[in-house]
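Working notes, structure below.
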Amino acid sequence: MLKILQKIFGWLLLFTGLAIISWTLYSSYNIFYKNQPLPCLFRVQEERAPAPPSQRLGLEAQLEEKMKEAMTEQIKEIIPPGTIEKLLNIIAWSVFAGILIFGASQISSLGIKMIL
0 MLKILQKIFG WLLLFTGLAI ISWTLYSSYN IFYKNQPLPC LFRVQEERAP APPSQRLGLE
60 AQLEEKMKEA MTEQIKEIIP PGTIEKLLNI IAWSVFAGIL IFGASQISSL GIKMIL
């Protein structure tokens, strides 16, 4: 009787692990082919409007302020807004999916050991 319960529980663990792996792969497929939205773990805060330049600033401070504005505009042209946010979210999902697949494979291997 105990052997039968052990085999039933082993099959249950095997199918649970396979179901978790299948769900993870299906979700990843849907996310990467844009059928499902990417989970947002990272959000970039909106940029605040810069304070108007003060008339009291010296020539060097005004020049420094203009250089900061020019650099910001150049960086925005090279890296579009939201790109880093999407990249971080994709990496986070990939790590999570990897952990799920690893854990599910361990569950399935335990089920196989119980069956045999």
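Residue numbers for the sequence shown follow numbering that gives the first Met the number 0, beginning at 0 and rising by one. Don't be surprised by glycine CBs; every beta carbon is placed ideally from N, CA and C.
Excluding the five sequence neighbours on either side, which residues of its own chain have a C-beta within less than 8 Å of the C-beta of V43, listed in chain order? On the sequence shown, position 44 is the one that residue 43 refers to. Closer than 8 Å at the Cβ level, and outside the excluded window around V43, lie P80, G81, I83, E84.
Does K67 come out as helix, strand or coil in the three-state DSSP assignment? In the sequence shown, counting from the first residue as 1, residue 67 sits at position 68. Note: K67 maps to helix in three-state DSSP.
Three-way DSSP call (helix, strand, coil) for G16 in this model: Walking along the sequence shown from the start, residue 16 turns up at place 17. DSSP places G16 in helix when its eight states are reduced to three.
Using only CA atoms, which one of I98, L40, L24, I100 lies nearest to L86? For the purposes of this step, residue 86 is taken as the residue at position 87 of the sequence shown. Here the closest residue by C-alpha is L40.
Would you report the Cα separation of L99 and S21, rounded to the nearest angstrom? Here residue 99 refers to the residue found at position 100 when the sequence shown is read from its first residue. Here residue 21 refers to the residue found at position 22 when the sequence shown is read from its first residue. Answer to the nearest angstrom: the Cα atoms are 10 Å apart.
What residues in its chain sit with their C-beta under 8 Å from that of N88, if we drop five residues either side in the sequence? On the sequence shown, residue 88 is found 89 positions in, with the first residue counted as 1. Correct list, in chain order: L37, P38, C39, L40, F41.
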